[in-house]
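Below you'll find the structure, written out as structure tokens, and then a few comments.
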Amino acid sequence: MPNRNKLKWFVLFTVPLIFIFTIVVLIPFLVGIYYSFFEWDGIGANPKVFVGLDNFVELWGDNQFLRSMWLTTLFTILSVITINVIGLAFALLVTSRIQSANAARTLLFMPYLIGGLILGYIWQFVFVDVFSFLGEVTGLDEVFFNWLVDPQFALYGLVFVFTWQMAGYIMIIYIAGIQAIPNDVVEAAKIDGASTWQRFTRITFPLLMPALTISLFLTLSSAFKIYDVNLSLTGGGPANATELFAMNIYQEIFGSSNYGFGQAKAIVFFLIVAAITLTQVYMTKKREVEM
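Letter by letter, the sequence shown follows residues 1 to 291 in the UniProt record's numbering.
As structure tokens, then:
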């Protein structure tokens, strides 16, 4: 009877989730793979022409796709570094027995609660109006200007906004990791005369590897897949200087009506993201320390 009851609860909670996952994720993914072998404009009345692997071969000659691949890689590297460094710094700050630590956690986490589209429009106003005003007032117009119209600075503006959004969320993960570190280990290090930096590098950081594994996975996957902030903040401009992976695929499918070619890009995009994130999880898991 107990096993039968467990089976009932298992079916009750898992079957609906598996059904939703199959309908929303698995079937569209398989259909997308099917479309990637055809040349099709997305109109049901028009024929689908089977081209085999031609779409996958052709995309490596698409200069804009290759450029978006490089821009996404650069954006991801910069974002992963800044988000995790700032998120860890925030976590160390709010767990250091400062006054109003709970208020600080709330304020630092709040940007993550703002939707990506809204966030992009808010920061678009900041870059266009506030930065221009600060440049006029302070005379530092080499720093405070509209980054979004400069092809060399627009991507850094995107990194800045994405970091501002994600750092507080990653902070929560690091806080959980810091609080899981046994106090007696830290106290023993203090008694032995270890400095603050030595305690961080020899104790805190090695024991934070599980939190680092999760944080790197989340920031890597989120940075590679970013679309909403990219759309509302820069729209891929200026001159396609910030057109990242997801936006390039969207434009190919819905802008140019190249469904087959766009799906081939999406499949390659999925394989790249999966390979990078799985490799990251494997490498960081190996460095985790037992508490």
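Ideal Cβ placement from N, Cα and C applies to all residues, glycine included. The structure displayed is predicted, hence computed values, not measured ones.
Judged by pairs of C-beta atoms under 8 Å, the segment 146–156 touches the segment 113–129, as three or more such pairs exist. Taking one beta carbon from each stretch, the segment 234–254 and the segment 265–276 have 3 or more pairs nearer than 8 Å; the two touch. Residue range 183–191 is occupied by the alpha helix (DSSP H) that includes Glu-187. Distances from the CA of Asp-62 to each of Phe-19, Phe-245, Gln-165, Gly-42 were compared; the closest alpha carbon is that of Phe-245. DSSP places Phe-21 within a helical segment (H, G or I) once states are collapsed to three.
Under the DSSP assignment, Ala-241 falls outside any alpha helix (DSSP H); it carries neither an H nor an E label. Per the C-alpha coordinates, the member of Ala-239, Ala-101, Ile-173, Tyr-35 positioned closest to Leu-53 is Tyr-35. When Cβ pairs closer than 8 Å are counted between the two stretches, the segment 68–88 is seen to touch the segment 162–175, the count reaching three or more. In the DSSP assignment, Glu-288 falls outside any alpha helix (DSSP H), carrying neither H nor E. Pro-210 is the residue among Ser-232, Pro-210, Pro-238 whose C-alpha sits nearest the C-alpha of Tyr-282.
The beta carbon of Gly-120 sits closer than 6 Å to the beta carbons of Val-229, Ser-232, Leu-233 from its chain, once the five residues preceding and following it are set aside; these are given in chain order. Counting C-beta pairs with one atom in each stretch, the segment 200–218 and the segment 171–182 have three or more that are closer than 8 Å, which means they touch.
Residue environment analysis places Asn-46 among the exposed positions, since fewer than 16 neighbouring C-beta atoms fall within 10 angstroms of its C-beta.
Fully enclosed alpha helix (DSSP H) runs of no fewer than 4 residues occupy 228–233, 245–250 of the segment 228–275, in order along the chain.
Taking all protein chains in view, the Cβ of Ser-215 is crowded by 16 or more other Cβ atoms within 10 Å, so the residue is classified as buried. Secondary structure remark: continuous alpha helix (DSSP H) runs of at least 4 residues inside the segment 25–85, in chain order: 27–35, 54–58.
Taking Ala-275 as the centre and dropping the five residues before and after it, the same chain places no C-beta closer than 8 Å to its C-beta. Pairing Phe-38 with Asn-248 gives a Cβ-Cβ distance that is not under 8 Å. Within the model, the alpha-carbon separation for Met-110 versus Leu-278 is close to 29 Å.
Taking all protein chains shown into account, Val-49 has fewer than 16 neighbouring C-beta atoms within 10 Å of its C-beta and is therefore exposed. Under the DSSP assignment, Ile-118 falls in the alpha helix (DSSP H) whose first and last residues are 116–125.
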